[in-house]
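Scroll down for the structure; my scribbles are underneath it.
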Amino acid sequence: MFENREHAGELLGVKIKLELKNINPDVVVGITRGGVVVGKEVAKTLRLPLDIIVIKKLGVPGNPELAIGAIGPGNSTYLDKRLLRMLRITRDELMPIVVEKENARFDQELLYRQGKKPFSVKGKIVILVDDGIATGATVLCAKKYFTSKMAKGVILAVPVISEEVFRQLEGDFLAVIALRIEREFNAVGQYYKEFRQVTDKEVVAILESNKVNK
5 MFENREHAGE LLGVKIKLEL KNINPDVVVG ITRGGVVVGK EVAKTLRLPL
55 DIIVIKKLGV PGNPELAIGA IGPGNSTYLD KRLLRMLRIT RDELMPIVVE
105 KENARFDQEL LYRQGKKPFS VKGKIVILVD DGIATGATVL CAKKYFTSKM
155 AKGVILAVPV ISEEVFRQLE GDFLAVIALR IEREFNAVGQ YYKEFRQVTD
205 KEVVAILESN KVNK
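The end of the sequence shown is residue 218 by our numbering, with every number in the run present.
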């Protein structure tokens, strides 16, 4: 069990350094909000710039906790088509949720960036960091965005991940690096002694304290 996100990030940074002997990444990108705290420590260990990506999960109509996909910058969208078919969710039912989440995502990104442009990932290798992965929807959406921006490759790095999802994602990234791969996975927070809500103010402060090269 990790003490907190900072502790997990320190350990993750060390493991990445050991495993990426023949790959030279260019930037660490933390998924807001929890992934930014973990990413801060990873970036510090690897001596890389830190940036963020704001992704919003798309929940099932009437059951928002069940993710059917995610939406990110540049209209990048990942949808779990199998789940959509199984639940018989139509485009008309889905679109209001997409619009609502994109509006919230856009406002949040404006708040976080404070007018600063995102790191240019064209031709670069990105280390994508989150505090844990249960379904994979968020990171697949982020990967789709980085691909659209012509990133050279994306490495996924997390403190903890579901074993099932780990196997599903292995072919989607240059590498998937995790400290813990769990067969019985219920919630990310169960692997942290302290798992408080990260505030918008903290994300802004972390970005301001880390120089991002354009």
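Note that the Cβ used here is the ideal one computed from N, Cα and C, for glycine as well.
Beta carbon proximity, residue 86 to chain D, threshold 9 Å: This model lacks chain D altogether, as it is built from one protein chain only.
Completely contained beta strand (DSSP E) runs for the segment 9 to 66, where each covers 3 or more residues: For the segment 9 to 66, whole beta strand (DSSP E) runs of length 3 or above, ordered along the chain, are 31 to 35, 54 to 57 and 60 to 64.
Could you give the distance in angstroms between the alpha-carbon of residue 12 and the alpha-carbon of residue 107? For the purposes of this step, residue 12 is identified with residue 8 of the sequence shown, where counting begins at 1. For the purposes of this step, residue 107 is identified with residue 103 of the sequence shown, where counting begins at 1. Residue 12 and residue 107: Cα-Cα distance of roughly 31 Å.
When you compare the segment 62 to 82 with the segment 165 to 185, are there three or more beta-carbon pairs, one atom per stretch, that lie closer than 8 Å? Judged by Cβ distances under 8 Å, the segment 62 to 82 makes no contact with the segment 165 to 185, as fewer than three pairs qualify.
Inspect the CB distances between the segment 130 to 146 and the segment 114 to 121 and report whether three or more fall short of 8 Å. A contact between stretches requires three or more CB pairs, one per stretch, nearer than 8 Å, and the segment 130 to 146 fails this requirement with the segment 114 to 121.
To the nearest angstrom, how far is the alpha carbon of residue 218 from that of residue 52? By 1-based counting over the sequence shown, the position of residue 218 is 214. By 1-based counting over the sequence shown, the position of residue 52 is 48. Any answer about residue 218 is weak, because its pLDDT of 45 lies below 50 and its placement is not dependable; what the coordinates show is given next. Their backbone Cα atoms lie some 13 Å apart in a straight line.
Whole-Å CB distance - residue 41 paired with residue 17, under 8 Å assumed: As a first step, residue 41 is located in the sequence shown; it is residue number 37 there, counting from the start. As a first step, residue 17 is located in the sequence shown; it is residue number 13 there, counting from the start. Not confirmed; about 13 Å, so no contact.
For residue 163 versus residue 187, is the C-beta spacing smaller than 9 Å? Reading the sequence shown from its first residue, position 159 is the one you call residue 163. Reading the sequence shown from its first residue, position 183 is the one you call residue 187. Between residue 163 and residue 187, the C-beta spacing is not below 9 Å.
Unbroken beta strand (DSSP E) run spanning residue 82, endpoints: Within the sequence shown, numbered from 1, the residue matching residue 82 stands at position 78. That run of the beta strand (DSSP E) goes 81 to 83.
If I measure Cβ to Cβ from residue 198 and keep anything under 6 Å in the same chain, skipping five residues before and after, which residues do I get? The count along the sequence shown starts at 1 and reaches residue 198 at position 194. Spatial neighbours of residue 198 in its own chain (CB-CB distance under 6 Å, excluding positions within 5 residues in sequence) are listed in chain order as 8.
When burial is assigned at 16 or more other CB atoms within 10 Å of the CB, is residue 5 buried or exposed? Position 1 of the sequence shown, counting from 1, holds the residue named residue 5. Under this definition residue 5 is an exposed residue.
Need the endpoints of the beta strand (DSSP E) that residue 224 sits in, please. Residue 224 cannot be examined here, being either before or after the span of the chain that is shown, 5 to 218.
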